[in-house]
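Q: Protein chains in written order, with the numbering used here: chain A, 13 to 171; chain B, 13 to 171. For every residue, glycine included, the Cβ atom is placed at its ideal position computed from N, Cα and C.
2 protein chains.
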Amino acid sequence: MTHKRTVTAHAGEQSISFSREFEASATLVFEAHTDAALIARWTGPRGTQLTMREFDARTGGSWSYLIVGSRGEWGFHGSFHEVTSPSRIVQTFEFEGEPGHPTLEVLTFTDIGAGRSRIDGLSVFLSVEDRDAMLSGMDSGMDENFDRLDELFAANAVT
Amino acid sequence: MTHKRTVTAHAGEQSISFSREFEASATLVFEAHTDAALIARWTGPRGTQLTMREFDARTGGSWSYLIVGSRGEWGFHGSFHEVTSPSRIVQTFEFEGEPGHPTLEVLTFTDIGAGRSRIDGLSVFLSVEDRDAMLSGMDSGMDENFDRLDELFAANAVT
């Protein structure tokens with residue numbers, strides 16, 4: 013099954029917006045974004061291992077994880093500006109392999125009926141150059157993550 | 013004495029950059045941004061009182077304060093994405109009177125010789141509309157804050 017997904021990035025702007033639908037309620041999709049053990053099961057390329065170094069999903073908390081694969085390891089960290097269950101997460105995000113390029117990300121979780129829901133995401137970057145640098149690999153990375161998350165929902169692994 | 017200050021906001025972009033020079037070292041200007049008691053002495057319009065509700069100036073920490081004046085009170089909060097002494101602060105910022113419009117702010121502190129230093133700031137907004145809404149009052153508010161901070165340096169109140 014293919015799940016409706018859009019990515020929008022207008023030329024010259026310093027943001028990327030996306031939306032993605034799921035076969036699960038907003039409450040469960042939110043849970044999959046705020047439970048450290050669940051995040052480790054769907055974040056990162058298949059075949060890699062995510063180790064959570066810090067995770068405190070509340071307004072004012074912070075997070076940090078390491079993804080380890082056969083070709084290397086990649087660290088990421090950020091802070092939670094807002095965590096409002098089950099509808100909204102505002103967080104910062106930085107890839108430690110290229111420090112100095114943090115982003116601000118807003119995720120909104122909305123039920124759309126029949127047990128389904130949608131994430132609307134907005135990432136804003138420090139510059140258009142930062143945004144353009146992220147854009148090339150973002151689609152495939154997001155698709156792989158969210159496909160993995162679909163599999164967790166299909167397996168009833170999020171409750 | 014007038015201190016060199018610039019504010020730059022290009023039409024159609026969703027960021028504001030500024031720079032401001034101080035008669036104090038980067039270490040002291042950084043200190044004035046990461047010490048709760050000092051922040052309370054220069055942040056907000058003259059005649060108001062700042063109460064720090066939460067303040068943990070470290071990477072992954074958060075902050076929250078209330079400014080009370082004769083015409084009302086205004087809450088603000090955010091999280092510290094990065095605090096690197098004495099050169100860099102990356103934080104989120106939200107005015108609680110208009111929730112849902114957080115910004116990401118990068119402050120860089122640089123010595124420029126003769127005991128002087130400069131802050132370079134960059135604020136990025138969720139949209140051009142958010143940026144434009146902030147732009148009108150930003151100059152005068154920033155000038156008043158930094159004039160108050162100048163007075164602290166002149167009085168050797170930051171050590």
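Taking Cβ-Cβ distances shorter than 7 Å, what residues in chain A pair up with residue 27/B?
A: Residue numbering aside, residue 27/B sits at position 15 when the second sequence is read from its first letter. What residue 27/B touches in chain A: 26.
Q: With a 10 Å radius around its C-beta and 16 neighbouring C-beta atoms as the bar for buried, classify residue 124/A as buried or exposed.
A: Here residue 124/A corresponds to residue number 112 of the first sequence, with the count starting at 1. Label assigned to residue 124/A: exposed.
Q: Output yes if chain A places a C-beta closer than 9 Å to the C-beta of residue 138/B; else output no.
A: The residue given as residue 138/B occupies position 126 in the second sequence. At least one chain A Cβ lies under 9 Å of residue 138/B.
Q: I want to know whether the region 100-107 of chain A touches the region 80-92 of chain A - three or more CB-CB distances under 8 Å.
A: Contact between the region 100-107 of chain A and the region 80-92 of chain A is present, because at least three Cβ pairs lie under 8 Å.
Q: Quick check on the burial criterion: 16 or more other C-beta atoms within 10 angstroms. Buried or exposed for residue 94/A?
A: If you number the first sequence from 1, residue 94/A lands on position 82. Residue 94/A comes out buried.
Q: Quick check on residue 122/A - is its C-beta less than 9 Å from some C-beta in chain B?
A: Translated into positions along the first sequence, residue 122/A becomes position 110. Closer than 9 Å: no.
Q: Quick one: which chain B residues come within Cβ less than 8 Å of residue 114/A?
A: For this step, residue 114/A is matched to residue 102 along the first sequence. The contacting residues are 93, 94, 102, 116, 118.
Q: Take residue 81/B as the anchor and find which of 159/B, 75/B, 62/B has the nearest alpha-carbon.
A: One-based indexing of the second sequence puts residue 81/B at position 69. Ranking the options by Cα distance to residue 81/B, first place goes to 62/B.
Q: At the level of alpha carbons, what is the spacing between residue 8/B and residue 15/B?
A: In the structure as shown, chain B starts at 13 and stops at 171, and residue 8/B therefore has no counterpart that could be examined.
Q: Give me the subset of the region 59-80 of chain B whose CB atoms are less than 9 Å from a CB atom of chain A, sorted by chain position.
A: Listed by position along the chain: 66, 68, 71, 72, 73, 74, 75, 76.
Q: Just the C-alpha distance for residue 112/B and residue 126/B, rounded to the nearest angstrom, thanks.
A: Translated into the one-based positions of the second sequence, residue 112/B becomes position 100. Translated into the one-based positions of the second sequence, residue 126/B becomes position 114. Approximately 42 Å between the Cα atoms of the pair.
Q: For the region 144-168 of chain A, enumerate the residues whose C-beta is nearer than 9 Å to any C-beta of chain B, in chain order.
A: Answer set for the region 144-168 of chain A: empty.
Q: What residue does the alpha helix (DSSP H) around residue 148/A start on, and which one ends it?
A: Locating residue 148/A in the first sequence gives position 136, where the first residue counts as 1. From DSSP, the alpha helix (DSSP H) with residue 148/A extends over 140-166.
Q: Is it true that the region 28-42 of chain B meets the region 148-159 of chain B, where meeting means three or more beta-carbon pairs spaced less than 8 Å apart?
A: They touch, by the three-pair rule.
Q: Counting only beta-carbon atoms, is residue 89/A nearer than 9 Å to chain B?
A: Taking the first sequence and counting its residues from 1, one reaches residue 89/A at position 77. Yes, residue 89/A lies at the interface with chain B (some Cβ there is under 9 Å from its Cβ).
Q: Name the DSSP beta bridge partners of residue 29/A, please?
A: The residue you call residue 29/A lines up with position 17 of the first sequence. Its beta-bridge partners are 20/A, 134/A.
Q: At which residues does the beta strand (DSSP E) containing residue 102/B begin and terminate?
A: On the second sequence, residue 102/B is found 90 positions in, with the first residue counted as 1. Note, residue 102/B: beta strand (DSSP E), 100-107.
Q: Opposite residue 96/A in the DSSP bridges: which residues?
A: Numbered from its first residue, the first sequence carries residue 96/A at position 84. Partner(s): 100/A.
Q: So what does DSSP say about residue 58/B, is it helix, strand or coil?
A: Reading the second sequence from its first residue, position 46 is the one you call residue 58/B. Reduced to three states, the DSSP call for residue 58/B is coil.
Q: Take residue 129/A as the anchor and find which of 19/A, 36/A, 171/A has the nearest alpha-carbon.
A: Numbered from its first residue, the first sequence carries residue 129/A at position 117. Residue 36/A is the option with its Cα nearest to residue 129/A.
Q: Are the CB atoms of residue 138/B and residue 116/A nearer to each other than 9 Å?
A: Taking the second sequence and counting its residues from 1, the one referred to as residue 138/B is at position 126. Taking the first sequence and counting its residues from 1, the one referred to as residue 116/A is at position 104. It is a contact, given that the beta carbons lie within the stated cut-off.
Q: Figure out for me which residue from 169/B, 69/B, 114/B has the closest Cα to the Cα of residue 141/B.
A: Counted from its first residue, the second sequence places residue 141/B at position 129. Minimum Cα distance to residue 141/B is reached at 114/B.
Q: By a C-beta neighbour count over all protein chains shown, 10 Å radius and 16 as the cutoff for buried, is residue 46/A buried or exposed?
A: Position 34 of the first sequence, counting from 1, holds the residue named residue 46/A. By the neighbour-count rule (16 or more Cβ atoms within 10 Å), residue 46/A is buried.
Q: Beta-carbon of residue 106/A versus every beta-carbon of chain B: anything under 9 Å?
A: Position 94 of the first sequence holds residue 106/A. Yes, its Cβ sits closer than 9 Å to a Cβ of chain B.
Q: Across which residues does DSSP place residue 129/A in a beta bridge pair?
A: Numbered from 1 along the first sequence, position 117 holds the residue referred to as residue 129/A. DSSP lists 34/A, 123/A as partners of residue 129/A.
Q: Can you tell me which of 72/B, 49/B, 110/B, 121/B puts its alpha carbon nearest to the alpha carbon of residue 97/B?
A: Residue 97/B sits at position 85 when you count from the first residue of the second sequence. Selected option, being the one with the closest Cα: 121/B.
Q: Determine the chain A residues that contact residue 134/B at a beta-carbon separation under 8 Å, and present them in chain order.
A: As a first step, residue 134/B is located in the second sequence; it is residue number 122 there, counting from the start. Those are 138, listed as they occur along chain A.
Q: Do residue 58/B and residue 76/B have their beta-carbon atoms positioned less than 9 Å apart in this structure?
A: Within the second sequence, residue 76/B is the residue found at index 64, counting from 1. Within the second sequence, residue 58/B is the residue found at index 46, counting from 1. No, Cβ-Cβ distance for residue 76/B and residue 58/B is not below 9 Å.
Q: Take residue 171/B as the anchor and find which of 21/B, 52/B, 42/B has the nearest alpha-carbon.
A: Mapped onto the second sequence, residue 171/B falls at position 159. Closest by alpha carbon: 42/B.
Q: Would you identify the three-state DSSP class for residue 71/B, choosing helix, strand or coil?
A: Residue mapping note: residue 71/B aligns to position 59 of the second sequence, counting from 1. Correct three-state label for residue 71/B: coil.
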